[in-house]
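Working notes for the structure below.
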Amino acid sequence: MNKVPNNRAWWLVLPVFILVAFSALIPLMTVVNYSVQDIFGPGNAYYVGTEWFKEVLNDERLQDSLLRQFAFSGAVLAIQIPLGISVALMMPKSGIKASLCLILLAIPLLIPWNVVGTIWQIFGRGDIGLFGWGLNALGLDYNYTGNTVDAWLTVLLMDVWHWTPLVALLCYSGLRAIPEAFYQAAEIDRASRWAVFRYIQLPRLKSVLVIAVLLRFMDSFMIYTEPFVLTGGGPGSSTTFLSQTLTTMAIGQFDIGRAAAFSLIYFLIVLLVSWLFFTAITHLDKEK
Amino acid sequence: MAEIHLKSLAHSYSDTPTGPDDYAIRHLDHVWEKGGAYALLGPSGCGKSTMLNIISGLLQPSEGDVLFDGKRVNELSPRDRNIAQVFQFPVIYDSMTVFQNLAFPLKNTGVPSSQIKAKVHEIAEILEIEGELHKKAKNLSADQKQKVSMGRGLVRGDVSAILFDEPLTVIDPQLKWKLRRKLKQIHEQFDITMVYVTHDQLEASTFADKIAVMYGGQIVQFGTPTELFEQPNHTFVGYFIGSPGMNLIEVQRCPRGVCFGSTVVPMSAHQVEVLQRVQSNNIRIGIRPEFIQASDVPADDTFEAEVLDLEDLGTYKIMTVKLDCETLKVRLTEDQQFEIGRQVQLSFPEKWLKLYVDEFLVEEKNQ
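Quick look at the structure:
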């Protein structure tokens with residue numbers, strides 16, 4: 001086929017460009033705009049350069065919040081990925097039981113965030129909540145509104161309940177895509193259950209695990225509604241994660257310049273960590 | 001190594017089989033002797049793979065027993081039967097290197113690593129994939145992948161048997177021939193029982209000492225390539241073995257022989273006697289194109305036919321003739337000359353003219 005170079009073809013990219021501009025670039029640029037100015041009112045703005053950024057990076061409240069955020073996302077990944085894989089491995093392969101499992105798994109995913117927060121807020125209460133009351137009845141001193149550890153555990157448990165099904169569903173679809181021949185060959189080769197998992201299932205789950213890890217990282221890193229409803233960030237600021245700190249700053253204190261600078265840094269962190277995950281996992285088997 | 005005995009085996013993929021059509025394998029009795037190189041030949045869907053999977057233990061037979069050296073192994077898993085199987089399409093563990101792939105079956109049973117290394121190199125050398133040992137297996141070409149797949153079956157020296165399920169399907173013809181020779185060599189070297197499933201008669205006869213021809217879930221004949229050619233036990237064997245296959249003609253009983261149209265073919269006294277004894281009307285005669293004699297000169301025992309077509313295949317010719325209402329193929333040598341549209345005289349040597357009742361051969365009395 002003869003290829004004819006024609007630069008007017010670039011016009012065909014225009015619709016996409018406009019779409020991307022309105023959905024991402026323009027909103028982002030307004031944030032950039034706020035982050036380099038100190039705005040006192042309409043027509044009363046002063047260019048401040050990187051001052052907001054410096055201030056934000058040195059803000060202890062934000063640093064603490066960032067650390068908590070990493071701890072939370074790390075815990076979420078460390079629990080949900082292995083748990084999701086195990087659930088997927090234990091699920092029946094076909095038939096009515098498989099369908100039932102899929103429906104059961106999908107239920108938490110369908111519940112809106114603030115409802116999830118409310119459910120656990122009540123569920124965990126010591127007086128009327130089954131979970132809190134049960135733990136107290138067992139003699140455990142559990143109080144998520146007063147105890148930092150309890151608050152953390154409850155937030156984590158809530159997130160595990162809400163989002164592990166997503167990992168499990170992704171892994172389940174990955175497992176179903178492995179041809180039966182591989183299991184047969186492994187059986188002939190006398191592979192142990194562990195060897196089958198390690199050398200057949202896990203390598204073939206890699207692509208869905210990349211997606212699962214990225215989704216769970218990004219989602220958990222941006223978590224806002226559920227802990228806000230459940231603990232309101234407390235006790236103290238022990239479960240105040242980045243989004244909540246940011247919201248307080250932007251809307252509570254109307255500190256737009258700093259909030260904008262912090263938004264950009266937040267965005268860059270998510271982007272950077274996601275990129276790192278992605279590159280690390282996809283490069284794992286590129287040697288040779 | 002083991003002798004594999006299949007005892008009144010039957011298998012149906014349906015949980016509630018209602019008739020013979022639901023069975024992939026029907027009442028099959030067979031013995032694969034220790035250390036033999038066998039081929040299992042049959043058309044697609046005749047139950048070859050089912051049988052292989054039953055031997056290896058990937059499949060539980062619905063009925064009957066599988067015996068290894070006289071011991072019932074029905075309930076044993078493939079791992080306990082210690083059997084190797086190579087599948088039609090290469091199965092490789094793509095996260096591993098070629099070396100790791102070949103070492104996998106040995107590693108799983110805790111063979112010491114020095115021994116693994118020696119064995120893997122030995123097999124890699126035979127299969128000529130030594131240079132690829134440290135490459136990732138997933139980057140190999142299809143035929144190299146199949147070599148790796150085969151290699152995994154071959155590294156285990158102590159197996160009861162190695163089963164090959166059409167292992168050379170994805171490999172190009174040149175290499176196919178070479179790999180088949182290799183397998184044969186490996187068989188001679190290690191003396192392992194090998195069963196090789198194929199639907200290609202050439203592949204079967206170059207690999208195996210004895211071929212089992214499978215048709216409709218049963219083994220219809222088990223014999224050397226020569227036996228299958230000269231003495232087909234079943235019309236299917238006649239039709240399937242040879243190229244072109246046996247000429248089979250539906251006939252009726254006649255005094256002193258059989259007839260079709262207005263042609264009467266005399267049969268031996270024994271055959272006539274058998275024909276009078278049996279009830280069935282499903283009677284056929286068969287003769288291979290190679291054994292029909294064609295000439296221009298009429299004689300007492302010749303039949304006149306019309307030449308319909310001639311195909312020159314280089315070293316021989318295939319002539320299509322019309323005898324009465326039947327079309328027959330005749331194989332001619334290069335120097336035999338006949339013309340399309342002309343008459344030709346055919347004779348059917350008694351020795352090669354076979355009689356089939358209900359598709360099975362009526363054996364000649366022992367000479």
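Going down the list, the sequences are from chains A and B. Those letters in the first sequence? Residues 1 to 288, by full-length UniProt numbering. Those letters in the second sequence? Residues 1 to 367, by full-length UniProt numbering. All residues carry an ideal CB built from backbone N, CA and C; glycine is no exception.
Neighbour flag for residue i against chain A, beta carbons, 8 Å
{"i": "A137(B)", "result": "no"}
{"i": "D15(B)", "result": "no"}
{"i": "T50(B)", "result": "no"}
{"i": "L58(B)", "result": "yes"}
{"i": "I285(B)", "result": "no"}
{"i": "A161(B)", "result": "no"}
{"i": "F207(B)", "result": "no"}
{"i": "A2(B)", "result": "no"}
{"i": "R331(B)", "result": "no"}
{"i": "A10(B)", "result": "no"}
{"i": "D94(B)", "result": "yes"}
{"i": "R152(B)", "result": "yes"}
{"i": "A142(B)", "result": "no"}
Minimum C-alpha distance to residue i - residue among the options
{"i": "I4(B)", "options": "Q100(B), M194(B), T198(B), A208(B)", "result": "M194(B)"}
{"i": "V111(B)", "options": "L214(A), R125(A), R190(A)", "result": "R190(A)"}
{"i": "G286(B)", "options": "V344(B), V31(B), P349(B)", "result": "P349(B)"}
{"i": "A208(B)", "options": "L183(B), Q221(B), D335(B)", "result": "L183(B)"}
{"i": "V258(B)", "options": "I123(B), Y215(B), Y356(B)", "result": "Y356(B)"}
{"i": "P289(B)", "options": "K119(B), T50(B), P90(B), G242(B)", "result": "G242(B)"}
{"i": "P244(B)", "options": "H187(B), V197(B), R331(B), C254(B)", "result": "R331(B)"}
{"i": "W32(B)", "options": "Y13(B), D69(B), A10(B), D15(B)", "result": "D69(B)"}
{"i": "G314(B)", "options": "T333(B), E306(B), A299(B)", "result": "T333(B)"}
{"i": "T279(A)", "options": "K206(A), E60(A), P92(A), Q244(A)", "result": "K206(A)"}
{"i": "Y46(A)", "options": "T248(A), S35(A), S94(A)", "result": "S35(A)"}
{"i": "I162(B)", "options": "Y38(B), L310(B), W352(B)", "result": "Y38(B)"}
{"i": "R284(B)", "options": "Y316(B), Q271(B), I292(B)", "result": "Q271(B)"}
{"i": "Q279(B)", "options": "Q252(B), G57(B), Y13(B)", "result": "Q252(B)"}
{"i": "E180(A)", "options": "P90(B), T224(B), L140(B)", "result": "P90(B)"}
Beta-carbon proximity list for residue i, same chain, < 6 Å, skipping 5 on both sides
{"i": "V87(A)", "result": "A168"}
{"i": "S220(A)", "result": "S73, V76"}
{"i": "P232(B)", "result": "G238"}
{"i": "V196(A)", "result": "A186"}
{"i": "V154(A)", "result": "Note that residue 154(A) is Thr in the sequence shown here, rather than Val. Closer than 6 Å at the Cβ level, and outside the excluded window around T154(A), lie G124, Y144."}
{"i": "R156(B)", "result": "A84, P105"}
{"i": "A294(B)", "result": "V330, V344, L346"}
{"i": "N101(B)", "result": "I92, Y93, A137, V148"}
{"i": "D300(B)", "result": "none"}
{"i": "residue 395(B)", "result": "Shown here, chain B extends from 1 to 367; a query on residue 395(B) therefore has no answer."}
Min CB distance residue i to chain B below 8 Å
{"i": "D189(A)", "result": "yes"}
{"i": "F22(A)", "result": "no"}
{"i": "S173(A)", "result": "no"}
{"i": "A177(A)", "result": "no"}
{"i": "F17(A)", "result": "no"}
{"i": "Q184(A)", "result": "yes"}
{"i": "S192(A)", "result": "yes"}
{"i": "A181(A)", "result": "yes"}
{"i": "A195(A)", "result": "yes"}
Whole-Å CB distance - residue i paired with residue j, under 8 Å assumed
{"i": "D324(B)", "j": "F260(B)", "result": "6 Å"}
{"i": "residue 371(B)", "j": "G42(B)", "result": "Not covered by the structure: residue 371(B). The range shown for chain B is 1 to 367."}
{"i": "I103(A)", "j": "V210(A)", "result": "About 26 Å; that fails the 8 Å criterion."}
{"i": "Y23(B)", "j": "G151(B)", "result": "Actually they are not in contact, since the Cβ atoms of Y23(B) and G151(B) sit about 35 Å apart, beyond 8 Å."}
{"i": "A261(A)", "j": "W52(A)", "result": "4 Å"}
{"i": "G257(A)", "j": "I39(A)", "result": "7 Å"}
Own chain, CB closer than 7 Å to residue i, minus 5 neighbours either side, in chain order
{"i": "W161(A)", "result": "P108"}
{"i": "L230(A)", "result": "G117, W120, Q121, T154, V155, M158"}
{"i": "W275(A)", "result": "none"}
{"i": "S262(B)", "result": "D324"}
{"i": "N114(A)", "result": "T225, V229"}
Proximity test, residue i beta-carbon vs the ligand NAD heavy atom, cut-off 7 Å
{"i": "F267(A)", "result": "Ligands in the displayed structure: none, and consequently the ligand NAD is not present."}
Same chain, Cβ closer than 8 Å to residue i, neighbours up to 5 away in sequence not counted
{"i": "I111(A)", "result": "I119, H162"}
{"i": "I223(A)", "result": "F72, D159, F241, S243"}
> Along the stretch 198 to 223 of chain A, what residues have a CB closer than 7 Å to any CB found in chain B?
Replying inline: Of all residues in the stretch 198 to 223 of chain A, Y199, I200, P203 have a Cβ within less than 7 Å of some Cβ in chain B.
>> To be precise: take each residue of the stretch 87 to 109 of chain A, compare its Cβ to all Cβ atoms of chain B, and keep it if any distance is under 7 Å. Which residues remain?
In response: Taking 7 Å as the Cβ-Cβ cut-off against chain B, none of the residues of the stretch 87 to 109 of chain A qualify.
> the stretch 97 to 128 of chain B: which residues have C-beta closer than 7 Å to a C-beta of chain A, in chain order?
Replying inline: Listed by position, the residues of the stretch 97 to 128 of chain B near chain A (Cβ gap below 7 Å) are F104, P105, N108, T109.
> Name the residues in the stretch 254 to 276 of chain B whose C-beta lies less than 8 Å from a C-beta of chain A; which are they?
Replying inline: Residues of the stretch 254 to 276 of chain B with a C-beta atom less than 8 Å from some C-beta of chain A do not occur.
> Going along the chain, which residues of the stretch 232 to 253 of chain A sit with their C-beta nearer than 8 Å to a C-beta in chain B?
Replying inline: Considering only beta carbons, no part of the stretch 232 to 253 of chain A lies closer than 8 Å to chain B.
> What residues from the stretch 55 to 73 of chain A come within 7 Å of chain B, judged by C-beta to C-beta, listed N to C?
Replying inline: Going along the stretch 55 to 73 of chain A in chain order, one finds no residue with a Cβ nearer than 7 Å to chain B.
> Between the stretch 181 to 200 of chain B and chain A, which residues of the former have a C-beta closer than 9 Å to a C-beta of the latter?
Replying inline: For chain A, none of the residues of the stretch 181 to 200 of chain B brings a beta carbon within less than 9 Å of one of its beta carbons.
>> Please list, in chain order, the residues of the stretch 62 to 78 of chain B that have any C-beta partner in chain A closer than 8 Å.
In response: Those would be S77, P78, in chain order.
> When you check each C-beta in the stretch 340 to 361 of chain B against every C-beta of chain A, which residues fall closer than 8 Å?
Replying inline: Per Cβ criterion, the list is empty.
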